[in-house]
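Undergrad:
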Amino acid sequence: MNSVHTSPAAQSWTADDWPKLLGGVVLFSELSEEELRGLAKDCTTRDYARGEVVWRAGDPAEELLVVVSGELEVRGPGPHGREDVLGRIGPGECVGEMALVLNEGRSATVVTGRKAQTIVLHKDDFAALMRDDTRLLTSLTKLLSHRAMSLARRQPVSGGPLMVGVTADAGARGATLVAGAVAHLGGHILNGRSLLVTLARESGTGAQAVDPAGVDIRFRDRPKLTPAIDITLGVEADDGAAISAIERVTKEHGRQYGLIVIDLPHLSGQASEAAETLCHRRIHLVRSASPQSELHTRVLQVVNAYGQPGLSLASNHCEPFILPIDPGLTGADADTAARFLTNRVTHVSRVLERLTRKVLGATVGVALGGGGAFGIAHVGVLSALTEAGVPIDLVAGTSMGSIIAIGYAAGLEPSRMESIASRIGNVRTALSAIDPSLSGTGLLNGRRLVSIFSPLLPKQSFEDLVLPCRVIAMDVETGERVDIGSGRLDEAFRASCSIPVIFKPVRVEGRTLVDGGMIDPVPTDVAREMGADIVIAVNVVPQLKRGVSTAISRTFKRVNRLNPLSYFSGGIRDAPDIVDVFMNSLQTTEYELGHFKSLTADVLISVDMAEFTWIDFHRAQEIIDRGREAGARSAPAARAVMEERLAGLVSS
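Structure follows, in C-alpha cells:
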C-alpha cells in the first residue's frame, strides 16, 4: 500500500534483507521468501527515541509493528493499580496484532524502552494478509499462546537481558565501583546470570596494544565474581565505535544473561546518550540529589559521601542511594570492592544491595503496625524473615511498630532487638512508664516510655539510619496522616505512640500529633510510596475476644467488689473500667482498619495475638515467639513474590 521507507537506516537494507527481517517473526514464519518479498512492499519503517510513547491504551489500532532493533515496553495496570511493565518486545518480535484482529482499541500502552527501529504494516494490509492466508492464523495462535504464558508468569516477552548503564556527573566518584558491585550482587540474585561490561581508553603514551582507531573486546573470567567483558578503545576511536562495540557484545552474549551492567563514564561526551540508546535503566552518580521530573524515571541517583565531608541526608525513601564512607573501600579497585562487599554486611553493602534490587524491580518494604504490647511481635516477624533470607530494604512503622522500625533501620539485628525486648519486658518496667501529666491533654507525659525503649534507639536522627524509614502519626486537629522521616528519632517515636487520652500529644513543627494507629494502623501505602516494589504488611492487632482482659480491668473489678455502692450500679459491677472501654474500642477500630489498609500488600502477615492484651509488655518473649511463628509461615510466600518478579530475568 505504501512502499516509502521512512527510516534512514532502512536505506542501507538490500532486497535480501527484507525476507530475513520479516521471516524471523513468528507471525510470518510460514511464508516463503517470495511471499515475504511481496509483504515487504506493503511495509514502511519508523524509528522511535527512547521513552517515546508509541501508542496509549484505548487508542485506535492502525498498524502492526515489527521490532528490528532496540526494544518496546508493553505497560498496563499492575496488581496495585500502578503502571507496570507487562512485557518487553525485542528484535524479531511484533506488537499490536491482537487489537487489529479484534478491531478494537489498544489494550495497553507501548513505550520505547530502548531506541528502536521498526517495520510498520498498516491495518488494511494486515487484514488482507490474514484474510487471504490461513497459515497466518496458525502462526498467530502460537504467538498469542506464548504471550499469554509470559504475561501470566509476569515474564518479559523479550528474551533479552535487562541493560543498565552507569554514568556520572563531572567530579562524582565511585561509578566503576558501583557498576562492579551491582553486576556482582545482581549475579547473586539471578543465579549467576549477570555480566559486567567495562570501557577503557588507551592513554596515548607508551606502546599501544590497540589500533589507534580500533576497539579491542576481551572476555575476562573473574574468580568468585561475575564475569566481565572489557572493551578498550584506541586513542582515536570515537564514542560511536564504543557504542557499536557494546551493541555487538549484547548481541553475542545477551541470551546468556538476565542483567548486563555497563560502566560508561569513560565515554568522552556521550555517556548519557549511550545509556539512553542502549539501556533500560541508568544509575547516575551525582554530587547532590535532585528531584526527578520524569514520571516514569529510569535514572537512579547515587550520592557518594566520600570526598564530601559533612554530607547529611535523611534516609526516608528508597532513593537517592547514599553511599557512606567505608575505610575498607578506600583505594580499592572494582574487583576488590565487590569481594569486600560480598564477604561483609556493612552500611555500604546494604545500600548497594537495595540499589541492585531496585534495578531489578524487587525492593522489599515492610509495614509494621501498631497496637501497644502487640507490636513487640514485630521483632519475631523480622527475625523469621531474616533467617529465611528475605531481604528488607526499607521499613515504615505505626505506633509500637514505629520503635521496631526505627531500631531495625538503625542497624539493630532482630536477635539484638529480641534480647532488649525480653530484658525490658517485665511488670516493673511497665509500671515505671507511668509519669502522670498535669496538662489535661493526656494521663501520662510519655517521656518515660521513650526512656524505657531508648535501647532500641541507637541513633539520634533519620540522617543516621542505615535503611530508609518513616513513622506515622496523626494530626489531631486536622485528622491528617503525618509521615515523619526527618528530625530526632525519639521525638518521632513518641509522636507515633501517643495514644489519645493515655499519653500527652506531641507538638512537632506546629502540628499536634497523636498515635498513628488512629488513621493508618498498618502503613502499607507509605512503604510503597517510599519506593518499595514488594510490600510485606504485618498486622498484630487481634479481634477482641470475650474473657481476655487486661491487668487494669482485673484490678478494677477486684476493688469494685469491695465497694458496697457497686451493688446498686444497675448490674455493671463487673464491666470494664473507662481505660479498657476506650482501648477496646480503639483495638476494634485498628483491627478492622488495619485489615483494610493491608489489602494492597503483596504479602500479609497476621500474628495470632487473641490471648494477649495491649498492656502485656511483661509477656514480651511469648509475644515475640508468636511473631516468629507467623513470620516463618509467611516467609515462603514472600520469597515466591520475589521469584515471580525476577522470573523473566532468571529464565530468559
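Following our numbering, the numbering of the sequence shown begins with 131 at its first residue and continues without gaps. We put the beta carbon where it would ideally sit given N, CA and C, even for glycine. A quick note: this is a predicted structure, and the numbers were derived from the prediction, not measured.
1. Residue 797 by DSSP, collapsed to three states: which one?
2. From which residue to which residue does the alpha helix (DSSP H) around residue 537 run?
3. Using 7 Å as the threshold, is the C-beta distance between residue 331 and residue 363 below it?
4. Is residue 247 helix, strand or coil by DSSP?
5. Report the option in 154, 252, 202 and 206 whose CA atom is closest to the CA atom of residue 190.
6. Tell me whether residue 185 sits in a helix, a strand or coil according to DSSP, three-state version.
7. Between the region 448-467 and the region 533-551, can you find at least three pairs of beta-carbon atoms closer than 8 Å?
8. If we count the other Cβ atoms within 10 Å of its Cβ and call it buried at 16 or more, is residue 267 buried or exposed?
9. Taking the CB atoms as reference points, tell me whether residue 326 and residue 313 lie closer together than 7 Å.
10. Using the three-state DSSP reduction, which class does residue 699 fall into: helix, strand or coil?
11. In the structure shown, what three-state DSSP assignment does residue 685 receive?
12. Can you name, in chain order, every residue of its own chain whose Cβ lies under 7 Å from the Cβ of residue 201, other than the five neighbours on each side?
13. Just tell me which of 175, 263 and 227 has its CA closest to the CA of residue 250.
14. How big is the Cα-Cα spacing for residue 310 and residue 472?
15. How would you label residue 374, buried or exposed, when you count the other beta carbons within 10 angstroms and need 16 or more for buried?
16. In the DSSP output, which residue or residues are listed as bridge partners for residue 431?
17. Is residue 474 helix, strand or coil when you go by DSSP?
18. Pull up the DSSP beta-bridge partners for residue 389, would you.
19. Please state the DSSP three-state secondary structure of residue 310.
20. May I have the straight-line CA-CA distance separating residue 541 from residue 147, to the nearest angstrom?
21. How would you call residue 182, buried or exposed, if buried means at least 16 neighbouring beta carbons within 10 angstroms?
22. What separation, rounded to the nearest whole angstrom, lies between the Cα atoms of residue 443 and residue 527?
23. So who's on the other strand from residue 346, going by DSSP bridges?
24. Note down, one range per segment and in chain order, each alpha helix (DSSP H) of at least 4 residues found wholly within the region 596-679.
25. Tell me whether residue 449 sits in a helix, a strand or coil according to DSSP, three-state version.
26. Under 7 Å between the Cβ atoms of residue 478 and residue 453?
27. For residue 737, which three-state DSSP category applies?
28. Looking at C-beta atoms only, is the number of pairs between the region 515-526 and the region 346-361 that lie closer than 8 Å three or more?
29. Okay, do the region 735-745 and the region 659-676 touch, 3+ Cβ pairs below 8 Å being the bar?
30. Since residue 316 and residue 490 should fall inside the 8 Å C-beta cutoff, what is the C-beta to C-beta distance between them, to a whole number of angstroms?
31. Quick check on the DSSP output: the beta strand (DSSP E) that includes residue 511 runs from which residue to which?
32. Quick check: the Cα distance between residue 241 and residue 198, rounded to an integer number of angstroms?
33. Taking just the CA atoms, how far does residue 768 sit from residue 741?
34. Give me the Cβ distance between residue 651 and residue 510, rounded to the nearest whole Å; I'm assuming they're in contact under 8 Å.
35. Would you list the one or two residues that DSSP bridges to residue 217?
36. Among 226, 393 and 661, which residue has its Cα nearest to the Cα of residue 303?
TA: On the basis of the data shown:
1. Missing from the structure shown is residue 797; the chain here goes from 131 to 782 and no further.
2. For residue 537, the enclosing alpha helix (DSSP H) starts and ends at 530-539.
3. Less than 7 Å divides the Cβ of residue 331 from the Cβ of residue 363.
4. In the structure shown, residue 247 sits in a strand (DSSP, three-state: E or B).
5. Ranked by Cα distance from residue 190, the options 154, 252, 202 and 206 are led by 252.
6. In the three-state reduction of the DSSP assignment, residue 185 falls in the strand class, which pools E and B.
7. Touching, no.
8. Residue 267 is exposed by the Cβ-count criterion.
9. Remark: C-beta atoms of residue 326 and residue 313 approach each other more closely than 7 Å.
10. For residue 699, the pLDDT reaches just 46, beneath the cut-off of 50, and the residue's location in the model is therefore unreliable, although a value from the coordinates is still provided. In the structure shown, the three-state DSSP call for residue 699 is coil.
11. In this predicted model, residue 685 has a pLDDT of only 46, less than 50, meaning its place in the structure is not dependable enough to derive any value.
12. Correct list, in chain order: 218, 219, 220, 243, 244, 246, 288 and 290.
13. Among 175, 263 and 227, the Cα nearest to that of residue 250 belongs to 175.
14. Taking the straight line from one Cα to the other gives about 12 Å.
15. So residue 374 ends up on the exposed side.
16. Looking at the DSSP output, residue 431 shares a beta bridge with 414.
17. Residue 474: coil per DSSP, three-state reduction.
18. Beta-bridge pairing links residue 389 to 292 and 324.
19. Reduced to three states, the DSSP call for residue 310 is helix.
20. Residue 147 has its alpha-carbon roughly 59 Å from the corresponding atom of residue 541.
21. By the neighbour-count criterion, in which a residue is buried when 16 or more other Cβ atoms sit within 10 angstroms of its Cβ, residue 182 is exposed.
22. About 20 Å.
23. As a beta-bridge residue in DSSP terms, residue 346 pairs with 362.
24. Listed in chain order, the complete alpha helix (DSSP H) runs (minimum 4 residues) inside the region 596-679 are 619-626 and 654-659.
25. Reduced to three states, the DSSP call for residue 449 is coil.
26. Annotated as proximal: residue 478 and residue 453, with beta-carbon spacing under 7 Å.
27. Annotated three-state conformation of residue 737 is coil, per DSSP.
28. With the cut-off at 8 Å, the region 515-526 and the region 346-361 do not touch.
29. Contact holds: three or more Cβ-Cβ distances are below 8 Å.
30. The beta-carbon separation of residue 316 and residue 490, rounded to 7 Å, stays under the 8 Å limit for a contact.
31. It is not in any beta strand (DSSP E) - residue 511 instead sits in the alpha helix (DSSP H) that spans 507-517.
32. The C-alpha of residue 241 lies about 15 Å from the C-alpha of residue 198.
33. The straight-line gap from Cα to Cα measures roughly 27 Å.
34. Between residue 651 and residue 510 a beta carbon distance of about 19 Å is seen, past the 8 Å cut, so the two are scored as non-contacting.
35. Its beta-bridge partners are 204.
36. Of 226, 393 and 661, the residue nearest in Cα terms is 393.
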